[in-house]
Every structure is written in structure tokens, then in C-alpha cells.
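Notes for the one structure printed next.
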Amino acid sequence: MTNNEEYINLIKDWIRPLQKALTLESENRFTNLLGKKQYFNDYLNKSLSNLNNLKLTNEFIKLFGEFSSKYSEYNDLDIKQRKRLVIDTRKGLLKLGKSINLNYSNKYTDSYYSKNIDSNLSLNSDIGLIKSIGKINKNKLNELGIYCIKDIINYFPRTYLDYTNRVKIINLKPDNLYTCIATVKKFYIYKSSNNSNLSIMNIVIFDETSSIKVTKFFLGKRFRSYSFFSSQKSLYIPGTKLAISGKVKLSEYGKNFVDPQIEILNTNEESFNFSGKIMPLYSLSESFSNLSFIRLIKRVIIYSKQYPDILNQKQLNFLSLVSKSDSLINIHLPVNQNALIESKKRLVFDELFLLQMKFLLRKRKNNKKLTIQKSIKKNFLLKDFLNKVPFQLTKSQEKVLDEIKSDLSDLTPMSRLLQGDVGSGKTIIAIATLLIELEKDQQGALMVPTEVLATQHYKNLIQFLNPLLVSVELLTGNTPQKKRKEILTNLKNGMVDILVGTHALFEDKVVFNSLGMVVIDEQHRFGVTQRNRLLNKGDNTNLLSMTATPIPRTLALSLYGDLDISQITELPPGRVPITTKIISEEELNKLFKRVENEIDKGKQAYVILPLIEDSEKMNLSSAKKIYQYLSEEIFLKNKVGLLHGKLNSEEKNNVINSFVNNEVNILVSTTVIEVGIDVPNASIMIIYNSERFGLSQLHQLRGRVGRGSQKSFCYLVTSENNGLENKRLRVLEKSNDGFYIAEKDLELRGPGQLLGYKQSGLPDFVLDNLPNNKVLIEKAREEAQRVLKEDPDLRENILLKDLLIDNSNNKFIHDFLN
Ligand SMILES: Nc1ncnc2c1ncn2[C@@H]1O[C@H](COP(=O)(O)OP(=O)(O)OP(=O)(O)O)[C@@H](O)[C@H]1O
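Counting the sequence shown from 1 gives a position; the numbering used here is that position plus 3.
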């Protein structure tokens, strides 16, 4: 290592932990966090004054000295002053980093740009105009959706090979990220004996210092075929040169690379020489090599300089973000990891910022809509209903109801999201909300994702509301024609007060007389467009969305930023936490005895399966098969029922009714029961192939037991003998807290998966990084609020305005901004 490199590393190692501490403090809202050994301010105070080895210039010594003494008074500062100090310190560190070339300085400076730019080309130029691109390449690029220079620049790498930390095999240390260039010595691939879906590939590589094993895991049936094995074998013939980039782990057999990035190097690539740099890897078709694409990028990256930036220099400084053009250059050709991190941060920020702008504009439009104050005609409805409920509302339920009442007494329509863990009592709130509007003679709609749940809600509603002379109807895809016609006529005449149903509700034929309130349960199962279709059936309709997958505030902000948020934070009293256990299939027989004992005591059980019937493609248990097995071979004394999505409504209703009335003791079901089935007498749940489900989904499922006051149990059966999988499921053994579980699920699967589908329209790279970008989400929200406050019509922010209009398929933004 040269002296200069050593110096840069010294500074890097000093800056990094400080940056981390500043980030943590800012994430925790400047509360002076207590670290492992000391408080945040003491740590900063000491580190910023201890500059002895760093050989800094006087300018930095003075700057950090001043910061250091301010941190000794940190406890006396108010939050705003603390925030300022943290921001300034961060900027100081950034400046130091830049001064030693730690950051994003790339060769594409303004003077390089003016010398090398081809004035005939611009961002919007057709790729055919790029010199020597050739017709074939043009076609290949078109196949990737690339037509103009801007498209090339917006084609981001899928990942990177980091050659900056390139080391010889002998110097590899466990738990660090490295890149090694080495040669294949031995290759073998085999099917795992523990997991029928897993194949394991091992490559032994060597360089002049030593050798090491590289292991890669392939999960999925298609990786078990002979053709896959032989294709891999032909790639890694002994003597082939590879670049391996990833984490080194230490096991009982020594060090090895586990699941690293592997690049096969040919002589060309070696001469291309990414040594000391970070090489981008793109998702390309087989006929277009990574190297060719990098060459293309190098040719056009300069046009990033023309990219319009929606943030001005003042904003960039305040937000500690790099310019758009720098972020685009460094996302493709990063000079180092720091530059890459900063450019990702900027690109993610832009997406979040635009999204928050859209949310705030939508909210503002909503707030501008004024409903006419409607007079209350039947002021007894809510009171009578609450008197009829056989329990006291929890404090949390009361608080939420107050928030809703206050919204509904306002002249602007309500748009509220209600988050509450499974079994926290959202249904009562939904009914109360519908009644508040009904008191003003406004009809209500309750939309839910499944027929089973719709039917259950309907029954609940008629039980409570028929005595109050409220007319409730149920409309689903299976409602017979004659009945449907009758409901639709009465709905139009205003004879139906509340309509409960599934997706059938937003069909065009459903016309209300005066729709005032829409409640959507499990709202993430519906898209924004579907939600709006239903809302548009009334004038200025109020909306209450409900979800039992509670997500952290910051994430809720980025996904549902146009809604106000209420939370039910406590469960009704007397609930005994559900005991959850992971078990193997071998332990099932013992468990069945236990189920029998519970049934003898009058209790009931659920058995949940991932599939309706056996499938050749998947080696999973199915509901039909297990139903047959349990009813014919195991529970001969008891009544076993079968529920799944392919039954018709009458069959479904019959099974559910029998279970509700305890005529069926054991209900074998697919996940159709996941949402909302409420049978407080059920105390045991067994979930087969539990490794197939997400944590939040499992939490929802097990929420079907433990709804009464008796002790309840949930057994997660898994065939996988897989440490990682069990670690994931163990989260459920340890916790019954839906917020905590959703957060863990988020970390493991990302929001797109957790919430079923991509509701927000955010690109994958942003969505998957959301959990790590809480601070950025808040920043984007605050910045959007600031911009709209200072420049409500975006007269000063023309670029931003254009981009919002361009990017928007939402008519309201067009209408609003034009
Ligand atoms: N304050 C309360 N005290 C006692 N029991 C309550 C209270 N509120 C609701 N319950 C009961 O708790 C059970 C769960 O309520 P509810 O079905 O409304 O929950 P939920 O939040 O909709 O849950 P899920 O998302 O699982 O459907 C019901 O049996 C309900 O009657």
C-alpha cells in the first residue's frame, strides 16, 4: 500500500464510525443515545478533539475543535440546535472526505464535459446516432427498452463487483468483503440430502498464495436438473480465471466464500482492468456482454451532465445530497464505495421526494374539497350500538374513535388508515364509523378481500344493526342474479343503508343513492385505483382503510402518505398470548393426541395448508390430502371440515357455520381463513409447510386462535432442516407483537413482498431499500412540505412541476398543476 493509500484509510476509519453515530442519533430524533460504552455526545466530544494522528490542516483542526466543545454542551441544546449541530458535523466530515478525494470526484468535471461533448447529441438523441454503435447493437438495446441516450443512463446496474478491496487468498479474513482473482482448481455440484429443493455448488480456487472453497446455493427445483448441472460445469472448467467478490465466512472446515458474486474473466476483461475500481454488473441479454455495455456507458455518461436537477445547490447542501449528474455518473462508474452509497442515496431520495409531493398534492386537493355540513337525523344510532356491544372499548379503540369522529365533523372528507394488530378490535370501529355517517342519512360500504370475510362481517353487522333498524346487504361475485338485482335497486333508492362485499362493490352497476362512507378492510389487497373507483360512487366520500399488518410510521408515510394514520396499540383485556412452537413432521402424531385432548375439553382446532390439492410441481402438503388423512385415519371420533377457495359460496358458508357452531371440531383449510375469521373457541392451530409463508402472514393466520380468554397454541410444521429458515420462524416463537413481526418481515422480504404487491409505484431499488432509509423518507417528506409551503403552485420549481406532470398517470396532478 502506498503512503497515500494508508493515509486515506486512516481518515476513512476515523470518519466512518462518526458518520454512523451521527446517523443513529438523527434516526433517534436527537435524544443523545447511549451507546455500548458512552453517550453519543461524549463520544463525539472525545473523537473530534482527538486528531493527533490524522495530520489535518489547521482549517479542519479548528472546525472539529469547535464542534467538539459544542458536543460537551449537547445536553443543554434544544432538539433544533442538536439537529443543526449534527448536520454541520456531517458536512464537516464530508468536506474532509472530499478534500482527500474520498468522495465522488470523478473525471467527468465541467471542463472534461465541455471538451468531450458532441454538440450533435443530447439526452434525447436516438442511440442509432452514437458513433459506431451498429445496427445489431441498436436492435439488442431496443430489446432492453433502450432507445435514447437517457435510457442508457437510466439503465442502472443490478449489482457491483468491488475490486477496491482486492486481496490475495492468504490474506482473507472472516466476515469481511473481498474480491479475489483466482483460478478454478476443482468444481463439483450436488443435490442437498436435507432439502429436496436445494443444490449446492463448490468451486475450489487458487492463486499464488493459497486456495479457498467458494460455495453457492441454488434453491428451486429447476436447479436440480442435469442440464443445469452440466451448464455450470462447462462454465467452471479447471484453469478458468474468476473474480470472486463477497463475504468470507469461517466454518469448522476453514474459510470459504459463501454465495459471492462470481465473474468469469477472459483475457479481454483482465485487460479492461477494473483493478482498484468497482465494476458495475448489468442485467443484459446473453448476446450483449457486460463489458460492451460498460463501454457504451463510458461513451455516453458525459450526457448525465445535461440531466435536469430538481434540487438546487442550496437544497443539496441542506440535505447533504450529491447533484443528480454526479449521482448518475457514480451509479454506473463509482470511484469508490462512498461515492456509490451517496449516489444511491440521491436517487432513492428523488423517488421518495416525488412520491411525497404527489401525496401532499393529493391531500391538499382533498382538503380543498368541502362537503356541505350534513345535519344529523338519527343521533341515537352510534349510542345505541355502543350500548349493545357486550364489552367496554379499550382506551386505544376510544382514542381512534375520537379521531374518526373529529374527522367526520369536519368539512373536508376523511382519509384515514387504521392500523391494528390481529384481534385488536378493528371491526367495532368500522361499524361505529359507518353509523356516524348513517346518522346523517349517508350510506356506507364495507369492502373486504374475500367472500368468507365479507360473509362474516355481514353476519356481525346484521346481528348488531338489525335491531337498530339499519338495513345491511351482502354483495359478492356469488350473489344470485335475482338477489343482486334487488340489492342494486334498493341501493339506488336509498333503501339499503350499508352494503358489505368484495371486489363486486366497485363494479359500474353498483350505484348508491348517497354514499358517504367507505371502509376498506385489508386495504393493501386493493389498489389505489380500485379504492378510488368505489370512493367516486359518492360525492366527497369519506374513507377509512384498515390493515392488520401494522407497519412502521416511516414506511406507512412512504406508502400511504396521503392518509392520516390511527393505531390501535393494545389488545382487548384478558387475552392470553399464543404459545408458538416450530415442530418437525415426525412430531405430528404426538401433536394429534394433544388436539384430541383439547377437543375432548370442547375446544376446536385449525389445520392450515399452502395448497388446495397435490401438485406435481411442488412437494407440499395439500388441504384435500390432509383432510382425507385426518378424517379417515386420525380423528375418527371427531368431525373434520374442509375449507378452500374452490368451494362454492354455499359450501363455504356451510363449513364455516358448522365450525362457528362447534359442530365441526377441526377445520382443515387453505389461507382463505387468513383474514378475519373470528371463532373465539378455537385454541389450536397447526400450519403445514410453514416455511412457505411470510412472517406477517403466519402472524395473521395464528391470529385466528387466541381470540378468547383460554390458552392457545400455534404449531409451525416445517420439513426444512434449514438453520436460516428456522431462525426466521423463531421470530414468531418469541413475539406476539404484530408491529415487531412486520418490521422483521420487512427486513427479510422487503415491502413489495410484505404488502402483497407494489402499491406505491416505487421502483424495486427504492422499495427494497426503504427499511434502511427511514431518515431519507422523513427528509423527503419534510422537504416536500417545505417546497409546497414556500411555493404552493410550483412557480419557482418548474422542473419539479414538469416532472410531476410527466411521471404522473394521476389525473388529479395534471388537473391540479395545470
Ligand atoms: N374492547 C374489547 N374488549 C373485549 N373484546 C373485544 C373488544 N374489542 C373487540 N373485541 C373482540 O375481539 C375479537 C377480535 O375483534 P375484531 O374481529 O374486531 O378484530 P380485528 O382487529 O378485526 O382482527 P383481525 O384483523 O384479526 O380480523 C372479537 O371477538 C371482538 O368481539
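Glycine is no exception: its CB is placed at the ideal position from the N, C-alpha and C atoms.
- Message: On the criterion of 16 or more Cβ atoms from any shown chain inside 10 Å, does Phe841 qualify as buried, or is it exposed?
- Response: Since the first residue of the chain shown is 4 and the last is 821, residue 841 is not available in this structure.
- Query: Can you tell which of Asp353, Ile313, Leu222 and Asp740 has the C-alpha that lies nearest to the C-alpha of Ala783?
  - Reply: Taking only the C-alpha atoms, the option nearest Ala783 is Asp353.
- Same chain, Cβ closer than 7 angstroms to Glu736, neighbours up to 5 away in sequence not counted: Thr583, Lys584 and Ile585
- Query: Where Glu599 and Gln459 are concerned, what is the direct C-alpha to C-alpha distance, given to the nearest angstrom?
  - Reply: 27 angstroms
- Buried or exposed (CB count within 10 angstroms, at least 16 for buried), Arg19: Residue burial annotation: Arg19 is exposed, with fewer than 16 other C-beta atoms found within 10 angstroms of its C-beta.
- Message: Are there any heavy atoms of ligand 1 lying less than 7 angstroms away from the beta-carbon of Gly706, as far as the coordinates show?
- Response: Answer for Gly706: yes, Cβ within range of ligand 1.
- Task: With Ile90 as the anchor, note down where its alpha helix (DSSP H) starts and where it stops.
- Result: Ile82 to Ser102
- Message: Checking 8 angstroms against the spacing of the C-beta atoms, do Ser125 and Gln309 come in under that value?
- Response: yes
- Query: For Lys15, which three-state DSSP category applies?
  - Reply: helix
- Item | Alpha-carbon spacing of Glu454 relative to Asp796, whole angstroms | Taking the straight line from one Cα to the other gives about 45 angstroms.
- For the segment 333-349 and the segment 403-410, state whether three or more C-beta atom pairs, one from each stretch, are separated by less than 8 angstroms. no
- Beta-carbon spacing of Val187, Gly242 below 8 angstroms: yes
- Task: Compare the Cα-Cα distances from Lys301 to each of Phe260, Met549, Asn390 and Ile152 and report the closest residue.
- Result: Ile152
- Task: Give the range of the alpha helix (DSSP H) segment to which Arg705 is assigned.
- Result: Leu698 to Arg705
- Query: Residue range of the alpha helix (DSSP H) that Gly68 falls in?
  - Reply: Asn61 to Ser75 is the extent of the alpha helix (DSSP H) around Gly68.
- How would you call Arg798, buried or exposed, if buried means at least 16 neighbouring beta carbons within 10 angstroms? exposed
- Task: Verify whether the separation of the beta carbon atoms of Ile192 and Ser202 is less than 8 angstroms.
- Result: The answer is yes: Cβ separation under 8 angstroms.
- Item | Inter-residue CB distance, Ser288 and Lys143 (contact presumed, cutoff 8 angstroms) | With a Cβ gap of about 7 angstroms, Ser288 and Lys143 count as contacting.
- Task: Tell me Arg169's beta-bridge partners as DSSP assigns them.
- Result: Thr182
- Item | Of the listed residues Gly577, Leu633, Leu477 and Gly426, nearest to Phe595 (C-alpha basis) | Leu633
- Query: Cβ-heavy atom distance between Thr479 and ligand 1 below 7 angstroms?
  - Reply: no
- Are the beta-carbon atoms of Ser399 and Glu573 separated by less than 8 angstroms? yes
- Message: Taking the straight line between their C-alpha atoms, what separation do you get for Tyr613 and Val658?
- Response: Residue identity differs from the one stated: residue 613 is Pro in this sequence, not Tyr. Distance between the alpha carbons of Pro613 and Val658: 19 angstroms.
- Query: Near Lys141, what residues of its chain come up, given a Cβ to Cβ distance below 7 angstroms and the 5 sequence neighbours on each side ignored?
  - Reply: Ile130 and Gly131
- Query: Sorry if obvious, but does the Cβ on Ser672 come closer than 7 angstroms to a heavy atom of ligand 1?
  - Reply: no
- Taking the CB atoms as reference points, tell me whether Leu438 and Leu404 lie closer together than 8 angstroms. no
- With hydrogens ignored, establish whether the beta-carbon of Leu404 is closer than 7 angstroms to any heavy atom of ligand 1. No - ligand 1 has no heavy atom lying nearer than 7 angstroms to the Cβ of Leu404.
- Query: Should Lys804 be labelled buried (16 or more other beta-carbon atoms within 10 Å of its own) or exposed?
  - Reply: The residue is buried, with at least 16 neighbouring Cβ atoms inside 10 Å.
- Query: Among residues of its own chain, excluding the 5 on either side of Ile64, which ones have a beta-carbon nearer than 7 angstroms to its beta-carbon?
  - Reply: Within the same chain, Ile64 has close Cβ partners Leu54.
- Nonlocal neighbours in the same chain, by C-beta distance under 6 angstroms from Val473, ignoring five residues either side: The answer, listed in chain order, is Asp500.
- Message: Out of Gly148, Asp681 and Lys252, which one is the CA nearest neighbour of Leu175?
- Response: In terms of CA proximity to Leu175, Lys252 leads the group Gly148, Asp681 and Lys252.
- Query: What number of angstroms, rounded off, separates the C-alpha of Leu322 from the C-alpha of Arg93?
  - Reply: Roughly 11 angstroms between the two C-alpha positions.
- Query: Roughly how many angstroms lie between the CA atoms of Ala608 and Val708, to the nearest whole one?
  - Reply: 8 angstroms
- Return the bridge partner residues of Glu476 from the DSSP annotation. Answer is Leu502, bridged to Glu476.
- Query: Buried or exposed: where does Gln359 fall if 16 or more other Cβ atoms within 10 Å of its Cβ makes it buried?
  - Reply: With 16 or more other Cβ atoms within 10 Å, it is buried.
- Between the beta-carbon of Leu477 and the beta-carbon of Leu508, is there less than 8 angstroms? no
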